[in-house]
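Below: the structure, in structure tokens.
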Ligand code: MG
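Residue numbers (the working numbering): 837 to 1119.
Structure follows, in structure tokens:
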């Protein structure tokens, strides 16, 4: 695949991403997709979606898992409900992630991705160890499907994410780096974080955000904004990706599904911005 192909986050049946038609109209050659709900994860659905992608000249580069009951209403609710961390749903979600990995294989894609949730800070506690074991269990299944698992950034600091990856100790665990999430969750300056975790970065999001006020940072959301209008510094972000040797797709994420017109317009501008920066940086 050519270096830095522009992409967009899309949805097969529901979710925050754009519909495939929008990706097609925007002329992007790659997408990441939200996994569809259980009833839609069939061989027939996979074949039909692949056929539409092929007709549109679009390659699927990653499939993101997600679960019923997750809520990003505020940071505290996110910590309680998202990913494999919440204990009550962990076993069921582990099973569902394995099914999503199987569906990803049907889509001929080698990358599954996930918001794992707020990894416990105390690495000596039982729950941290249990999460490490759950993640290993998932990674073994993912590996049998010939895949890697990329963890979305934001819910952990760069240091804590590196510690977790090291403790899990598997060779198919990597990172989907989202610079805006570091700002939204207040977990660290994104460019410094990118340099720290660079060797694990296998996919990325191009998303932008404004920091929350300093006194509430980490407890209240920052604000997601159109690419180029936030605090990430997109040119610096791309130059840093170049510096650390990242060659994968540049996947635009704009999470305003409640306003599909604006979402499409903002993504269209993001495509232009990325194409222009790409040509100036790569020459
Ligand atoms: Mg993201």
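All C-beta atoms in this analysis are idealised placements derived from N, C-alpha and C, irrespective of residue type, glycine included.
Residue i lies in the alpha helix (DSSP H); which residues open and close that run?
{"i": "residue 1104", "result": "1096-1118"}
{"i": "residue 1078", "result": "1070-1079"}
For residue i and residue j, what's the separation of their Cα atoms in angstroms?
{"i": "residue 1077", "j": "residue 1083", "result": "8 Å"}
{"i": "residue 949", "j": "residue 1064", "result": "25 Å"}
{"i": "residue 1066", "j": "residue 1049", "result": "14 Å"}
{"i": "residue 945", "j": "residue 1051", "result": "42 Å"}
{"i": "residue 902", "j": "residue 951", "result": "8 Å"}
{"i": "residue 978", "j": "residue 909", "result": "30 Å"}
{"i": "residue 984", "j": "residue 1037", "result": "12 Å"}
{"i": "residue 1119", "j": "residue 966", "result": "47 Å"}
{"i": "residue 860", "j": "residue 894", "result": "8 Å"}
{"i": "residue 1002", "j": "residue 955", "result": "13 Å"}
{"i": "residue 1200", "j": "residue 957", "result": "Nothing about residue 1200 can be read from this structure; the chain reaches only from 837 to 1119."}
{"i": "residue 913", "j": "residue 907", "result": "6 Å"}
{"i": "residue 887", "j": "residue 1042", "result": "27 Å"}
{"i": "residue 1068", "j": "residue 1087", "result": "15 Å"}
{"i": "residue 849", "j": "residue 1028", "result": "36 Å"}
{"i": "residue 884", "j": "residue 1025", "result": "41 Å"}
{"i": "residue 1011", "j": "residue 899", "result": "13 Å"}
On the DSSP letters alone, give me the boundaries of the beta strand (DSSP E) that residue i sits inside.
{"i": "residue 847", "result": "842-847"}
{"i": "residue 1091", "result": "Neither: residue 1091 is in no beta strand (DSSP E) and is coded neither H nor E."}
{"i": "residue 984", "result": "984-988"}
{"i": "residue 918", "result": "Where residue 918 is concerned, there is no enclosing beta strand (DSSP E), given that its DSSP letter is neither H nor E."}
{"i": "residue 1059", "result": "1059-1061"}
Leaving out five residues on either side along the sequence, give the residues of the same chain with a beta carbon under 7 Å from the beta carbon of residue i.
{"i": "residue 1117", "result": "1074, 1075, 1078"}
{"i": "residue 862", "result": "844, 1103, 1104, 1107"}
Note down, in chain order, each residue of its chain lying with its Cβ closer than 6 Å to the Cβ of residue i, except the 5 sequence neighbours on either side.
{"i": "residue 864", "result": "842, 843, 844"}
{"i": "residue 1034", "result": "1080"}
{"i": "residue 1085", "result": "841, 843, 866, 897"}
{"i": "residue 1099", "result": "1090, 1092"}
{"i": "residue 847", "result": "853, 870"}
Spatial neighbours of residue i within its chain, please: C-beta separation below 8 Å, excluding the five flanking residues on both sides.
{"i": "residue 1004", "result": "968, 971, 972, 975"}
Exercise for the section: Specify which residues have a beta carbon nearer than 6 Å to any heavy atom of the ligand MG, listing them in chain order. Expected result: Spelled out in chain order, the answer is 988, 1014, 1017, 1041, 1043, 1089.
Problem - alpha helix (DSSP H) runs wholly inside the stretch 1025-1050, at least 4 long, in chain order - result: Along the stretch 1025-1050, the alpha helix (DSSP H) occurs as fully enclosed runs of 4 or more residues at 1026-1033, listed in sequence order.
Problem - Every unbroken beta strand (DSSP E) inside the stretch 854-914 [3 residues or more] - result: Residue ranges of uninterrupted beta strand (DSSP E) with 3 or more members, entirely inside the stretch 854-914 and ordered along the chain, are 866-870, 895-900.
Handout entry: Secondary structure, beta strand (DSSP E): runs of 3+ residues fully inside the stretch 940-1019
Key = Listed in chain order, they are 947-950, 984-988, 1009-1013.
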